[in-house]
Amino acid sequence: MIINGVTIDATFAEAFPMKATRAIITAQNEKWAMIAAQAMTGFATSVIACGCEAGIERVLSPDETPDGRAGVAVMIFAMGGKGLAKQLETRAGQCVLTSPTSALFAGIDSDIKIPLGKNLRYFGDGFQIAKKISGKRYWRIPVMDGEFLAEATTGQVSAIGGGNFLVLARSQPQALAACEAAIEAMRKMPNVIMPFPGGVVRSGSKVGSKYKTLNASTNDAFCPTLKGATKTDLSPNIESVMEIVIDGLSKEDIDNAMRVGMQAVCELGAANGIERISAGNYGGKLGPFHFHLQEILA
Amino acid sequence: MSALTFTLKYQPAQRVDLSPLVCQRLQGLALTDIAALELQSGKAKLRVDELFDISGDDAQHIIIKSSVAKLDFIGKELESGSINVEGDAGAYLGMGMKSGEIKVSGNAGLYAACEMKNGYLEIAGNVGDFLGAALPGNKMGMKGGLILVKGNAGERVGDHLRRGTILIEGNAGDYCGSRMTAGTIAVMGTTGRYLGYAMRRGTLLLWNAPELSASFNDCGSHTLAFLPILFASFKSLNSKFAEASVAFNRVQRYAGDMAEIGRGEVLVKL
Chain A
0 MIINGVTIDA TFAEAFPMKA TRAIITAQNE KWAMIAAQAM TGFATSVIAC
50 GCEAGIERVL SPDETPDGRA GVAVMIFAMG GKGLAKQLET RAGQCVLTSP
100 TSALFAGIDS DIKIPLGKNL RYFGDGFQIA KKISGKRYWR IPVMDGEFLA
150 EATTGQVSAI GGGNFLVLAR SQPQALAACE AAIEAMRKMP NVIMPFPGGV
200 VRSGSKVGSK YKTLNASTND AFCPTLKGAT KTDLSPNIES VMEIVIDGLS
250 KEDIDNAMRV GMQAVCELGA ANGIERISAG NYGGKLGPFH FHLQEILA
Chain B
0 MSALTFTLKY QPAQRVDLSP LVCQRLQGLA LTDIAALELQ SGKAKLRVDE
50 LFDISGDDAQ HIIIKSSVAK LDFIGKELES GSINVEGDAG AYLGMGMKSG
100 EIKVSGNAGL YAACEMKNGY LEIAGNVGDF LGAALPGNKM GMKGGLILVK
150 GNAGERVGDH LRRGTILIEG NAGDYCGSRM TAGTIAVMGT TGRYLGYAMR
200 RGTLLLWNAP ELSASFNDCG SHTLAFLPIL FASFKSLNSK FAEASVAFNR
250 VQRYAGDMAE IGRGEVLVKL
């Protein structure tokens, strides 16, 4: 398949089941809601070493938030419910509770509840106040700037992590420009996050390493400087490869995000140095979810 | 299906215990069976059809017409459905109700919604003392649900209140919120003496400055983030509480009762 001079490989991205949650952070204004959200979703690019993958889903207008202030929706993905709950709680405690004027609310409904403010309340040292409003429990925790308001729990849902595609370009600036265009389009899609810095990862990994202590290492088949030194997957004219990783609540959500992302890349096309779009997989043996690039773009 | 309607034929000489006439106990009964139920009235037992004309067949929607203040225990331990009282209700209205909805077009007596567990109770007129309170000797009053009083409330509103919300559009009498363990009482009108007497936790939300005991300490003026959420939850009510113009988030906060553990609060609109 070739779109606007860009070859779409007949391959697929391989993704895994994860557990996910969403929280809504509000603050006095969008600036401070965003600061809290960025802190909460920091150091959360990959479950390999961060314990979770997290990102900002979108900015919310005041009429979309529970307390009528500016807000940001963040999503956190982890391999299991226990890990997710731990990550959510520590991040909420260290990054949102501490952030001026913030408040924290559930962003997704589910039968499975995980603590949001439920345990943060103990920071109140006995001065915390519970309020049950319309069936939801909130905790009011006295803090130095006033009161930190946090909903007791949020929902945990099954989700998918690891959807991805690779952008192969003739130069590094062209690869980055294409990825930026893709991320801009993908950020408009609901229920997905792109957890890497700016949504883009330049150090895609393969499973395993020559070093026994490492379970992941550089994806040498896609490293342009190793074209002559390893079993490469790159043609001579490709000088830079970047990857976009997508975590989403459902296969359809990831399909849609990948579609708009790849379309944005194809729009730039060969004229802007984009040669191919490929994807990362493990031969289909590890992850139950397969995202076939050509099917998504068909 | 039309609502199961009980129309009072005459003013009873003694008070009548209406607790058998709740939705879950009438469900599936034929009108003749309902007519044969016995209601305690003083020392006597009265058949339902002796006191009421009965019509309709939907036991999940009960209407009591021409109701008077001698009809006690209306909606006692109601588990589902709705009861509409056209007229006044006696004492112990909605006592221990667990779910469903009770609406009274007139006034209600003592101990309305005492030890209520959940559900919605609306009183269009005034209500007597001990609204949402615990029964004498008990330590736990209302534990959940919502009460709306459009008129005035008597003394000891929410005595031993444990959880839930009591909204009063009019005035509340003395000892409002006494011995509260938690929960919320909002009063748009005035409050009497000994507000929040011996309250441990919970919130008294007031539109008018109260006469506070010395055991309540001023914590200053604040903008509280939970108030807009609380007011938003009243939006669906047929009440002044639903109006955007009455909502506020800026309050003077008083902590008390310091003679108790002092974790309660009185929030007064600024």
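Taken in order, these protein sequences are the chains called A and B.
Take the first sequence: its letters are residues 0 to 297, numbered as in numbering that gives the first Met the number 0.
Take the second sequence: its letters are residues 0 to 269, numbered as in numbering that gives the first Met the number 0.
Backbone N, C-alpha and C fix where the C-beta goes; we use that ideal spot for every residue, glycine too.
Here the structure is a predicted model, which is why all the values come from computation and not from measurement.
With A/D252 as the anchor, note down where its alpha helix (DSSP H) starts and where it stops. Along the first sequence, read from residue 1 onward, the residue named residue 252 of chain A stands at position 253. Residues 250-267.
Excluding sequence positions up to five away, which residues of its chain have a Cβ less than 8 Å from the Cβ of A/T64? The residue you call residue 64 of chain A lines up with position 65 of the first sequence. Around A/T64, the same chain offers I23, T25, G70, F104 as residues with beta carbons nearer than 8 Å, after the five sequence neighbours per side are excluded.
Please determine, among B/A152, B/V148, B/K234, B/P135, the residue with the shortest C-alpha to C-alpha distance to B/I101. What you label residue 101 of chain B is simply residue 102 of the second sequence in a count that begins at 1. Selection B/A152, B/V148, B/K234, B/P135 evaluated against B/I101 yields B/V148 as nearest (Cα-Cα).
Kindly indicate which three-state DSSP category B/N237 falls into: helix, strand or coil? Taking the second sequence and counting its residues from 1, the one referred to as residue 237 of chain B is at position 238. Here DSSP, grouped into helix, strand and coil, assigns B/N237 to coil.
Where B/D71 falls, given that 16 or more other Cβ within 10 Å makes a residue buried: As a position in the second sequence, residue 71 of chain B is number 72, starting the count at 1. Buried: at least 16 other Cβ atoms inside 10 Å.
Cutoff 6 Å; reference B/G188; Cβ partners in own chain excluding five residues on either side: On the second sequence, position 189 is the one that residue 188 of chain B refers to. Leaving aside the five residues that flank B/G188 on each side, the residues in its chain whose CB is nearer than 6 Å to its CB run, in chain order, G169, N170.
Within the continuous beta strand (DSSP E) that includes A/G286, where are the two ends? Numbered from its first residue, the first sequence carries residue 286 of chain A at position 287. From DSSP, A/G286 is part of no beta strand (DSSP E); its letter is neither H nor E.
Mapping the DSSP letters down to three states, classify B/V67 as helix, strand or coil. Position 68 of the second sequence, counted from the first residue, corresponds to residue 67 of chain B. DSSP, reduced to helix, strand and coil, places B/V67 outside both helices and strands of the structure shown, so it counts as coil.
Could you check how far apart the C-beta atoms of A/F290 and A/D252 are, in whole angstroms? I think they sit under 8 Å. Start at 1 with the first residue of the first sequence, and residue 290 of chain A comes out as number 291. Start at 1 with the first residue of the first sequence, and residue 252 of chain A comes out as number 253. That pair is no contact at about 11 Å.
Is it buried or exposed, B/G219, if we count other Cβ atoms within 10 angstroms and call 16 or more buried? Looking up residue 219 of chain B in the second sequence gives position 220. In this structure B/G219 is exposed. Its beta-carbon is surrounded by fewer than 16 other beta-carbon atoms within 10 angstroms.
Let me check understanding here. Comparing Cα to Cα, which of A/I1, A/K85, A/I182, A/M257 lies closest to A/A298? Residue numbering for chain A in the displayed model covers 0 to 297; residue 298 of chain A lies beyond these limits and cannot be assessed.
So, using beta-carbon positions, are B/V67 and B/V84 closer together than 8 Å? Position 68 of the second sequence, counted from the first residue, corresponds to residue 67 of chain B. Position 85 of the second sequence, counted from the first residue, corresponds to residue 84 of chain B. No. Outside cutoff.
When the Cβ atoms of the region 12-28 of chain B are set against those of the region 280-288 of chain A, are three or more pairs found closer than 8 Å? Judged by pairs of C-beta atoms under 8 Å, the region 12-28 of chain B does not touch the region 280-288 of chain A, as fewer than three such pairs exist.
Is it true that the region 214-229 of chain B meets the region 144-160 of chain B, where meeting means three or more beta-carbon pairs spaced less than 8 Å apart? No, because fewer than three Cβ pairs between the region 214-229 of chain B and the region 144-160 of chain B fall closer than 8 Å, the two stretches do not touch.
Note the first and the last residue of the continuous beta strand (DSSP E) segment covering A/T6. Working through the first sequence from its first residue, we reach residue 6 of chain A at position 7. Unbroken beta strand (DSSP E) run through A/T6: 5-7.
Sorted by chain position, which residues of the same chain lie with C-beta nearer than 8 Å to A/Y137's C-beta, five sequence neighbours on each side aside? To locate residue 137 of chain A, count along the first sequence from 1; it is residue 138. Cβ neighbours of A/Y137 beyond the five flanking positions: G116, A129, K130, K131, L148, A149, E150, A151.
Please tell me whether A/T193 and A/I159 are closer than 8 Å, where the distance is taken between their beta carbons. If you number the first sequence from 1, residue 193 of chain A lands on position 194. If you number the first sequence from 1, residue 159 of chain A lands on position 160. The question names Thr, but residue 193 of chain A is Met in the sequence shown. Cβ distance not < 8 Å, so A/M193 and A/I159 don't count as in contact.
Where the alpha helix (DSSP H) through A/K30 begins and ends: For this step, residue 30 of chain A is matched to residue 31 along the first sequence. Unbroken alpha helix (DSSP H) run through A/K30: 29-39.
Are the beta-carbon atoms of B/G80 and B/G99 separated by less than 8 Å? Position 81 of the second sequence, counted from the first residue, corresponds to residue 80 of chain B. Position 100 of the second sequence, counted from the first residue, corresponds to residue 99 of chain B. B/G80 places its beta carbon less than 8 Å from that of B/G99.
Can you find the residues in the same chain that come closer than 6 Å, C-beta to C-beta, to A/G154, ignoring five residues on each side of it along the sequence? Indexing the first sequence from 1 puts residue 154 of chain A at position 155. Closer than 6 Å at Cβ, skipping near neighbours: I107, D108, S109.
Rounded straight-line distance, which links the Cα of B/H60 to that of A/C94: For this step, residue 94 of chain A is matched to residue 95 along the first sequence. For this step, residue 60 of chain B is matched to residue 61 along the second sequence. Cα to Cα, A/C94 sits roughly 50 Å from B/H60.
Establish whether the CB of A/D124 and some CB of chain B are separated by less than 8 Å. Taking the first residue of the first sequence as position 1, residue 124 of chain A is located at position 125. No, because no Cβ of chain B sits closer than 8 Å to the Cβ of A/D124.
Suppose contacts are defined by Cβ-Cβ distances below 8 Å. Is B/G163 in contact with B/G182 by that definition? Position 164 of the second sequence, counted from the start, is the residue given in the question as residue 163 of chain B. Position 183 of the second sequence, counted from the start, is the residue given in the question as residue 182 of chain B. Yes, Cβ-Cβ distance for B/G163 and B/G182 is below 8 Å.
To be precise: take each residue of the region 135-146 of chain A, compare its Cβ to all Cβ atoms of chain B, and keep it if any distance is under 7 Å. Which residues remain? Cβ contacts with chain B: Y137, R139, G145, E146.
With a cut-off of 8 Å on the beta carbons, I'd call B/G95 and B/K116 a contact; round off their distance for me. Stepping through the second sequence from its first residue, residue 95 of chain B is reached at position 96. Stepping through the second sequence from its first residue, residue 116 of chain B is reached at position 117. Between B/K116 and B/G95 the Cβ distance is about 6 Å, and since that is below 8 Å, they are a contact.
Smallest Cα separation from B/E210: which of B/A241, B/M0, B/D173? In the second sequence, the residue the question calls residue 210 of chain B occupies position 211. Ranking B/A241, B/M0, B/D173 by Cα distance to B/E210 puts B/D173 first.
Chain A contact for B/F51 (CB, 8 Å cutoff): Translated into positions along the second sequence, residue 51 of chain B becomes position 52. By this cut-off, B/F51 is not an interface position.
Would you mind working out which of A/V191, A/A48, A/M17, A/F195 sits nearest A/V259, comparing C-alpha positions? As a working mapping, residue 259 of chain A is identified with position 260 in the first sequence. The shortest C-alpha separation from A/V259 is found at A/V191.
Is it right to say A/I310 is buried, meaning 16 or more other beta carbons lie within 10 angstroms of its own, or is it exposed? For chain A, the structure presents residues 0 to 297; residue 310 of chain A sits outside this window and is missing.
Chain A contact residues for B/F240, given Cβ-Cβ distances below 7 Å: Start at 1 with the first residue of the second sequence, and residue 240 of chain B comes out as number 241. Taking a Cβ-Cβ cut-off of 7 Å, B/F240 has no neighbours in chain A, whose nearest Cβ is about 13 Å from it.
Do three or more CB pairs link the region 73-84 of chain A to the region 1-12 of chain A at distances below 8 Å? Verdict: no, contact absent.
Can the beta-carbon of B/I63 be found closer than 8 Å to that of B/F5? In the second sequence, the residue the question calls residue 63 of chain B occupies position 64. In the second sequence, the residue the question calls residue 5 of chain B occupies position 6. In this structure, B/F5 lies closer than 8 Å to B/I63 by Cβ.
How far does the alpha helix (DSSP H) with B/D32 in it extend, from its first residue to its last? Within the second sequence, numbered from 1, the residue matching residue 32 of chain B stands at position 33. B/D32 -> alpha helix (DSSP H) spans 30-35.
Completely contained beta strand (DSSP E) runs for the region 183-227 of chain B, where each covers 3 or more residues: Qualifying beta strand (DSSP E) stretches, in chain order: 183-186, 202-205, 216-222.
Are A/N214 and A/G203 closer than 8 Å when you measure CB to CB? Along the first sequence, one-based indexing puts residue 214 of chain A at 215. Along the first sequence, one-based indexing puts residue 203 of chain A at 204. Cβ atoms of A/N214 and A/G203: not closer than 8 Å.
Hey, could you find the ends of the alpha helix (DSSP H) A/V46 is sitting in? Counting from one through the first sequence, the residue named residue 46 of chain A turns up at place 47. DSSP places A/V46 inside the alpha helix (DSSP H), whose first and last residues are 46-49.
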